[in-house]
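Engineer:
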Amino acid sequence: MKLQHTLGGLEGLDPVQPEFRVFVEPWEERIFGIHTAMMALSPQLNLPQTSSTFSTVWTWADLRKGAEAMNPFDYFKYRYYEKWLGGISGYFVANGYITQAEIDARTDEYLADPAKPLPSGGTPDVDDRIHTYLMDGDSPWHQWADKPRFAVGDIVLVGDPPTVEHTRLPGYLRNKVGVVETVYDDAFSYLCSTGPDGIGPAMPVYCVKFDPQHLWPGNAEPGFSIYADLFDAYLRPVVDRAAA
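In structure tokens:
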């Protein structure tokens, strides 16, 4: 869904009750650990093989795609890690690691006996790979493939590309005009292709400056600007505005 990325610019979402604790419930920390292990064990990483049976790709993008695929009412109803739990569970079912019937049965077991011990597992080789991943990470940085189309000071129009599963373009910036403030060194990719949304191979990224009066006419405080880091695929010369 277009508008579930960077919701801070949208109106009408009040009241907002910020949660400053990283983990509210103990199970949330466990979900974060499962997500981290899935990323570390993904086969596209150049890390030592392990005894783990996890054999498919999982990235931050997959986590976000799962959340943004939710019914909008559910998206706003559930807390942060509840969305993670749903996305991870759906991924395991979709990739054949477990069936929905098995998840439902285990859920019923723990609802009937909340004190039942949690399963334990893990091996030293798996733990070592996860630790290595946490230390090294995986970078989206690449050397230039193409020269940037825009320079500092250029006026650009933000496009309105179709989105299927995930977008890196805030909905409130679509079809808006801004000025290139910074052209970042080198090029950057994302964790996966976003398809018709336009993000695939490494490309230039720009910091673009926007006038809040243009984003929210008659409803913005004077004297400040909005800045957004945007992929090259999302921008076009302002002369193309009629074709946007």
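Mapping of the sequence shown onto the UniProt record's numbering: residues 1 to 244, in sequence order.
Note that the Cβ used here is the ideal one computed from N, Cα and C, for glycine as well.
These figures come from a predicted structure and were not determined experimentally.
1. Pick from Tyr-78, Arg-174, Asp-104 and Arg-236: whose alpha carbon is nearest that of Pro-162?
2. Using a Cβ-Cβ cutoff of less than 8 Å, which residues in the same chain neighbour Val-205 once the five nearest sequence positions on both sides are dropped?
3. Could you check if Val-168 is buried or exposed, using at least 16 other CB atoms within 10 Å of its CB as the buried criterion?
4. Are there 16 or more other CB atoms within 10 angstroms of the CB of Ala-112, so buried, or fewer, so exposed?
5. What is the DSSP secondary structure of Leu-85, reduced to helix, strand or coil?
6. Specify the secondary structure class of Tyr-227 as computed by DSSP and reduced to three states.
7. Compute the beta-carbon to beta-carbon distance between Tyr-110 and Leu-47, rounded to the nearest angstrom, for a pair I have assumed lies under 8 Å.
8. Assuming Gly-33 and Gly-66 form a contact by the criterion Cβ under 8 Å, report the distance between their Cβ atoms to the nearest whole angstrom.
9. With DSSP run on the structure shown, which of helix, strand or coil describes Pro-148?
10. DSSP puts Ala-40 in a beta bridge; with which residues?
11. Tell me, please, which residues DSSP counts as bridged to Val-180.
12. Between the stretch 68-88 and the stretch 22-39, do at least 3 Cβ pairs fall closer than 8 Å?
13. Grouping DSSP H, G and I as helix and E and B as strand, with all else coil, what is Ala-242?
14. Leaving out five residues before and five after Ile-31 in sequence, what residues of the same chain have Cβ atoms less than 8 Å from its Cβ?
15. Could you have a look at Met-70 and say whether DSSP puts it in helix, strand or coil?
16. Once DSSP output is grouped into helix, strand and coil, what is the label at Arg-236?
17. Count the other C-beta atoms from every protein chain shown that fall within 10 angstroms of the C-beta of His-94, then say buried if there are 16 or more, exposed otherwise.
18. Quick one, which of Asn-71, Arg-64 and Ser-225 has its alpha-carbon nearest Glu-181's?
19. Taking only the alpha-carbon atoms, compute the straight-line gap between Glu-19 and Arg-79 and give it to the nearest angstrom.
20. Is Lys-147 closer than 8 Å to Gly-178 when the C-beta atoms are compared?
21. So, are the CB atoms of Gly-195 and Val-164 less than 8 Å apart?
22. In chain order, what residues of the same chain have a beta carbon less than 8 Å from the beta carbon of Ala-151, not counting five sequence neighbours either side?
23. Taking the CB atoms as reference points, tell me whether His-166 and Arg-236 lie closer together than 8 Å.
Structural biologist: For this structure:
1. For the purposes of this step, residue 162 is taken as residue 162 along the sequence shown, with counting starting at 1. For Pro-162, the nearest C-alpha among the options comes from Arg-174.
2. Counted from its first residue, the sequence shown places residue 205 at position 205. Cβ within range, chain order: Tyr-184, Ala-187, Phe-188, Asp-229, Leu-230, Phe-231 and Asp-232.
3. Residue 168 sits at position 168 when you count from the first residue of the sequence shown. The sequence given here has Arg at residue 168, not Val. The residue in question, Arg-168, is buried, as its Cβ has 16 or more Cβ neighbours within 10 Å.
4. Position 112 of the sequence shown, counted from the first residue, corresponds to residue 112. It counts as exposed.
5. Against the sequence shown, residue 85 aligns to sequence position 85. Here Leu-85 sits in helix by DSSP.
6. Counting from one through the sequence shown, the residue named residue 227 turns up at place 227. Here Tyr-227 sits in strand by DSSP.
7. Position 110 of the sequence shown holds residue 110. Position 47 of the sequence shown holds residue 47. Taking a contact as a CB-CB distance under 8 Å, the pair Tyr-110 and Leu-47 does not count as one, their CB atoms being some 33 Å apart.
8. Within the sequence shown, numbered from 1, the residue matching residue 33 stands at position 33. Within the sequence shown, numbered from 1, the residue matching residue 66 stands at position 66. Actually they are not in contact, since the Cβ atoms of Gly-33 and Gly-66 sit about 17 Å apart, beyond 8 Å.
9. Your numbering for residue 148 matches position 148 in the sequence shown. Residue state, collapsed to three classes: coil.
10. In the sequence shown, residue 40 corresponds to position 40, counting from 1. Answer is none; Ala-40 lacks a bridge partner.
11. Within the sequence shown, the letter at position 180 stands for residue 180. Its beta-bridge partners are Val-208.
12. yes
13. Counting from one through the sequence shown, the residue named residue 242 turns up at place 242. In this prediction, Ala-242 has a pLDDT of 47, which is less than 50 and means its spatial position is unreliable; nothing more can be read from the coordinates.
14. In the sequence shown, residue 31 corresponds to position 31, counting from 1. These residues qualify, in order along the chain: Tyr-81, Trp-84, Leu-85 and Ile-88.
15. Taking the sequence shown and counting its residues from 1, the one referred to as residue 70 is at position 70. DSSP places Met-70 in coil when its eight states are reduced to three.
16. Working through the sequence shown from its first residue, we reach residue 236 at position 236. Three-state DSSP puts Arg-236 in a strand.
17. The residue given as residue 94 occupies position 94 in the sequence shown. The residue asked about is misnamed: residue 94 is Ala in this sequence, not His. Exposed, since its Cβ has fewer than 16 Cβ neighbours within 10 Å.
18. Walking along the sequence shown from the start, residue 181 turns up at place 181. It is Ser-225 whose Cα lies nearest to the Cα of Glu-181.
19. Position 19 of the sequence shown, counting from 1, holds the residue named residue 19. Position 79 of the sequence shown, counting from 1, holds the residue named residue 79. Straight-line Cα distance between these residues: approximately 10 Å.
20. On the sequence shown, position 178 is the one that residue 178 refers to. On the sequence shown, position 147 is the one that residue 147 refers to. Cβ atoms of Gly-178 and Lys-147: not closer than 8 Å.
21. By 1-based counting over the sequence shown, the position of residue 195 is 195. By 1-based counting over the sequence shown, the position of residue 164 is 164. Yes, these two residues count as a Cβ contact at 8 Å.
22. Sequence index remark: in the sequence shown, residue 151 carries index 151 (1-based). Hits under 8 Å: Val-180 and Val-183.
23. Residue 166 sits at position 166 when you count from the first residue of the sequence shown. Residue 236 sits at position 236 when you count from the first residue of the sequence shown. Not closer than 8 Å, so no.
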